[in-house]
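Take a look at the structure set out below.
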Ligand code: CP
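Quick look at the structure:
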């Protein structure tokens, strides 16, 4: 199985490539569960994270994934870097590239920023989230978690609820789940719903309860206030009342439905605190699976037989 130099989105990955990543993530998860979390897969490689937006899960899991596989891992702290002196994105990336970097992991507020960087560096570039476009490794870890809990993706009904408009997680998940024959429905206020979202092959609802009916997977999404210039809903309380997923609404989904959320979660807003801690909530496991999936991605992009 071959991979391109870069991982920029789910859109251009084949089903076989995604299956290869999920297969390797399963192996990586067994490594993670050992006392000595160390594999030789990235020995001698250098992995750099360059995040222009805040992150806890994605940045740290890439850093740990690199270290667990024996790479030299470093982070560029953008706030204290020469970016603050006016250095452009491409010049910053080229500078990092010249230091022997094998993999450059980038998060940026502009859609397409990782694609631009990829054209200008020799290192493999991984998109860790670009604006409202894609967050491919999130969708991969979500798929990994769904397969772990439900056995397969084909035929699953996945309800994604919340701020769909600003969500790169929603887009990457829609691309991936559609490739595998899952049924995806999205729900949220009409002001937080992308124009013609149905063209991506999903059903869209403004009534959360209709969307949740018979769902196998309920995925909550945070309201991305950082991407909103004007108020797109009246108040947090009203939002939670009308669109929040809670114990009562979960009853509309299948009785074995699982609860997921990419994080960070605003408890009591998009999902109730009790659902976060529910016995069928796998939000914490998504975080753990994120490390395994990112180990797999790093390995597959850097292995010799590309
Ligand atoms: N899910 C996700 O991307 O989380 P972080 O912003 O903490 O990386």
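Numbering (my numbering), first residue to last: 227 to 532. Where a beta carbon is used, it is the ideal one built from N, C-alpha and C, also for glycine.
Check	Outcome
Are the stretch 270 to 281 and the stretch 344 to 357 touching by the rule of at least three beta carbon pairs closer than 8 Å?	yes
Below 9 Å between beta carbons: does that hold for residue 364 and residue 411?	no
Can you tell me whether residue 451 is buried or exposed, with buried defined as 16 or more other CB within 10 angstroms of its CB?	exposed
Name, in chain order, the residues that DSSP records as bridge partners for residue 445.	386 and 486
Less than 9 Å separating the beta-carbons of residue 344 and residue 231?	yes
Tell me, please, which residues DSSP counts as bridged to residue 360.	356
Which of the three DSSP states, helix, strand or coil, is assigned to residue 298?	strand
Taking the beta carbon of residue 269 as the centre, do at least 16 other beta carbons fall within 10 Å, making it buried, or is it exposed?	exposed
Relative to the C-alpha of residue 472, which residue among 446, 402 and 462 is closest?	446
If we call anything under 9 Å between Cβ atoms a contact, is residue 489 one with residue 513?	yes
Given residue 342, which residues of its chain have a CB within under 8 Å of its CB, disregarding the five upstream and five downstream residues?	315 and 316
Have a look at 356, 371 and 422 and flag the residue whose alpha-carbon is nearest the alpha-carbon of residue 483.	371
Taking just the CA atoms, how far does residue 292 sit from residue 253?	15 Å
Any contact of the stretch 516 to 530 with the stretch 298 to 306, i.e. 3+ C-beta pairs under 8 Å?	no
Considering only DSSP beta bridges, list what residue 452 is partnered with.	Per DSSP, none; premise fails for residue 452.
Could you check where the beta strand (DSSP E) with residue 276 kicks off and where it finishes?	272 to 277
Would you say the beta carbon of residue 281 is closer than 8 Å to some non-hydrogen atom of ligand 1?	yes
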